[in-house]
Amino acid sequence: MPIIASTVAEAVAGIRDNSTVMIGGFGNAGQPMELIDALLGGGATGLTVVNNNAGQGDAGLALLIKERRVAKIICSFPRQSDSWHFDAAYRAGEIELELVPQGTLAERIRAAGAGIGGFFTPTGYGTLLSEGKETRVIDGRGHVYETPIHADYALIKAHTADRAGNLIYRKTARNFGPIMATAASITIVQVSNIVATGDLDPEVIVTPCIYVNTIVRVPAPTPTLAEYEVNQ
Amino acid sequence: MNRLPSTSPEPGARPGPEARLNREDLARLVAADIKSGSYVNLGIGQPTLVSNYLRPEQAVTLHTENGMLGMGPEAHGADIDEDLINAGKVPVTELPGASYFHHADSFAMMRGGHLDVCVLGAFQVSATGDLANWHTGAPDAIPAVGGAMDLATGAKDVYVMMNLFAKDGTAKLVPTCTYPLTGVGCVTRIYTPEAVFLLTEDGIRVRETFGITLAGLQGRVKVELLPPLALRKVARTAN
Chain A
278 MPIIASTVAE AVAGIRDNST VMIGGFGNAG QPMELIDALL GGGATGLTVV NNNAGQGDAG
338 LALLIKERRV AKIICSFPRQ SDSWHFDAAY RAGEIELELV PQGTLAERIR AAGAGIGGFF
398 TPTGYGTLLS EGKETRVIDG RGHVYETPIH ADYALIKAHT ADRAGNLIYR KTARNFGPIM
458 ATAASITIVQ VSNIVATGDL DPEVIVTPCI YVNTIVRVPA PTPTLAEYEV NQ
Chain B
370 MNRLPSTSPE PGARPGPEAR LNREDLARLV AADIKSGSYV NLGIGQPTLV SNYLRPEQAV
430 TLHTENGMLG MGPEAHGADI DEDLINAGKV PVTELPGASY FHHADSFAMM RGGHLDVCVL
490 GAFQVSATGD LANWHTGAPD AIPAVGGAMD LATGAKDVYV MMNLFAKDGT AKLVPTCTYP
550 LTGVGCVTRI YTPEAVFLLT EDGIRVRETF GITLAGLQGR VKVELLPPLA LRKVARTAN
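Chains as they are written, first to last, in this note's numbering: chain A, 278 to 509; chain B, 370 to 608.
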């Protein structure tokens, strides 16, 4: 049974310096913002972070990078119009970047969770991102060998958990959540709702509870009056 | 006149051969060329415009790399949902029959050859269909690749939409790419304001030109161009 933490700080309290931490989300969808804030508040440093991006604006992962708590980032798309904290750290030589094609990033995470020792993929063959890697021609097509990515922790966001730890997601906020949950030693999930075990239809569960260690409820923000009026 | 008989279902919908196409007309042309019932991924930027010109009767299903099939138009006002965005992180809507899946499934869909067409932008395309669209290679550039390599490698057909000429006037259709590659030999068609090119086993064949003669085009592009095939049916299946 998972731990149901009462606060996000409690949920991430075990994360030590130099840990590898996967963080879910694509843009803001599925980004466990409150868990990242708690990681920022907790002080762990020298982190290796696995995320699709390298932080946006002045929130979440961007602040972890601004505070120089991230030694290395493994991602597919670090450069965005609002990735100024990453850009500054990178240009100062204060963060290591491992750039991975997005599908290869996802599959390396999936491989770790599935106990696969790597795989050959055609993606990236003949490009800068395959330099120095083992290659093989399979059915007449060049492939590149890619290794699994394991993590000590995964911080992800789901929509609803039951008390057993089964998860369902919402729309495109699912993205990296289900695969990161499988690839980390400890998976910590923030959810909008926690329901009784048995209240989720077993046919629709996306992440089975075996992958989940800690759950914390972070209610979805209440719309401001202005947003409420727009929605009427 | 090098332009072939119109292949558009609405011949009056785009300008005649006397003018180069603007962005909207180019998007309309790409949209008209996508076969009915196709599963399609539109890259960020100019390719996204294509969605504005897909007709409902084409029954095209749009894929977005962040885990969705059946993506609808951009969301506005009360329809905006922060959990429902496209690859460019723009709020979108879902259409009936939509489905959601995680990232490994989304890219397995690409890599596994299940998408019929992807439309991408480009810095350069080579004579043999190599694509360069992710990195200028400049020493101070911060590289970002996203899903470009996966799309270029995985889709059955890779259509590039780009300006044929860079700001300095040099052609972006080149004998060999000088920018770092995204994929090798992956591009099947190139749509530009001046011409549509089909990358065939015989070489690069011009399908049609806009506001320029074939000779004029050849004079500005350093790769050998094959003339349009005379018959529309042959031209349409040459690729």
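No residue lacks a Cβ here, since even glycine has one placed at the ideal position from N, Cα and C. Every value quoted in this text rests on a predicted model; they were computed, and no experiment measured them.
Is there a Cβ from chain A that is less than 7 Å from the Cβ of B/Tyr440?
-> Residue 440 of chain B is actually Met in this sequence, not Tyr. Chain A, which has no Cβ nearer than 7 Å to the Cβ of B/Met440, makes this no.
Contact under 7 Å by Cβ, B/Leu484 with B/Ala521 | no
For B/Val556, which residues in chain A fall below 8 Å Cβ to Cβ?
-> Ordered by position in chain A, no residue passes the 8 Å Cβ test against B/Val556, which lies about 14 Å from the chain.
So does the region 388-408 of chain B actually touch the region 396-414 of chain A, counting three or more Cβ pairs closer than 8 Å?
-> no
Through-space distance from A/Gly442 to B/His504, alpha-carbon basis = 42 Å
Looking only at DSSP bridge pairs, what is A/Cys352 linked to?
-> A/Leu376
Using the rule of at least 16 other Cβ atoms within 10 Å of the residue's Cβ for burial, across every protein chain shown, is B/Asp519 buried or exposed?
-> buried
Between the region 555-570 of chain B and the region 485-499 of chain B, do three or more beta carbon pairs fall short of 8 Å?
-> yes
What span of residues does the beta strand (DSSP E) with A/Arg494 cover, start to end?
-> Thr491 to Arg494
Under 6 Å Cβ to Cβ from A/Thr322, same chain only, skipping five residues before and after it: list those, please.
-> Asp294 and Arg346
Using a Cβ-Cβ distance under 7 Å, would B/Met478 count as near chain A?
-> no
Buried or exposed (CB count within 10 angstroms, at least 16 for buried), A/Ser283 = exposed
Below 6 Å CB to CB, which residues in the same chain sit around B/Thr376 once its five sequence neighbours on both sides are set aside?
-> Only weak support exists for where B/Thr376 lies, its pLDDT of 43 falling under 50; the coordinates are left without a value.
Note the first and the last residue of the continuous beta strand (DSSP E) segment covering B/Pro442.
-> Met437 to Glu443
Cut-off 7 Å between Cβ atoms - residues of its own chain near A/Ile426, not counting five sequence neighbours on either side = Val327, Ile351, Arg385, Ile386, Ala389 and Ala460
Check distances from the C-beta atoms of the region 506-521 of chain B to those of chain A and list, in chain order, the residues that come in under 9 Å.
-> Gly506, Asp509, Ala510, Ile511, Pro512, Ala513, Val514, Gly515, Gly516, Ala517, Met518, Asp519, Leu520 and Ala521
Under three-state DSSP, which class holds B/Gly412?
-> coil
Looking at C-alpha atoms only, which residue of B/Gln415, B/Gly406, B/Glu443 and B/Gly414 is the closest neighbour of B/Asn425?
-> At residue 425 of chain B the sequence reads Pro, which differs from the Asn that was named. Looking at the Cα atoms, B/Gly406 is the closest of the given residues.
What residues in its chain sit with their C-beta under 7 Å from that of B/Gly515, if we drop five residues either side in the sequence?
-> none
When DSSP labels each residue in this structure, what does B/Tyr548 get in the three-state scheme?
-> coil
Enclosing beta strand (DSSP E) for A/Arg451 [first to last residue] = Counting along the chain, A/Arg451 falls outside any beta strand (DSSP E), and DSSP gives it neither H nor E.
Look up B/Thr522 in the DSSP assignment and say whether it is helix, strand or coil.
-> helix
Go through its chain and collect everything with a Cβ distance to B/Gly572's Cβ below 7 Å, but skip five positions before and after it.
-> Glu593 and Leu595
Quick one: grab the DSSP three-state call for A/Gln308.
-> coil
Is there a Cβ from chain B that is less than 7 Å from the Cβ of A/Asn508?
-> Confidence in A/Asn508 is poor, its pLDDT being 48 and thus under 50, which makes the residue's placement unreliable; the coordinate value appears in the next sentence. Output row for A/Asn508: interface = yes.
Report the residue from A/Thr464, A/His362, A/Tyr446 and A/Asp314 whose alpha carbon sits nearest the alpha carbon of A/Asn470.
-> A/Tyr446
Using a cut-off of 9 Å between C-beta atoms, extract the partners of B/Glu393 located in chain A.
-> Residues of chain A passing the Cβ test: none, with the nearest at roughly 24 Å.
Where are the alpha helix (DSSP H) runs, 4 residues long or more, that stay fully inside the region 457-525 of chain B, in chain order?
-> 472-480 and 517-523
Which of the three DSSP states, helix, strand or coil, is assigned to A/Val481?
-> helix
Using a Cβ cut-off of 7 Å (strictly closer), state whether B/Ile413 contacts chain A.
-> no
What are the boundary residues of the beta strand (DSSP E) that includes A/Phe303?
-> Segment: none, A/Phe303 is in no beta strand (DSSP E) and carries neither H nor E.
Kindly list the residues whose CB is nearer than 7 Å to the CB of A/Met457, restricted to its own chain and excluding five residues on each side of it in sequence; keep chain order.
-> Met299, Gly301, Ile386, Ala431 and Ile433
Identify which residue in B/Ala517, B/Gly414 and B/Thr582 has its Cα closest to the Cα of A/Pro378.
-> B/Ala517
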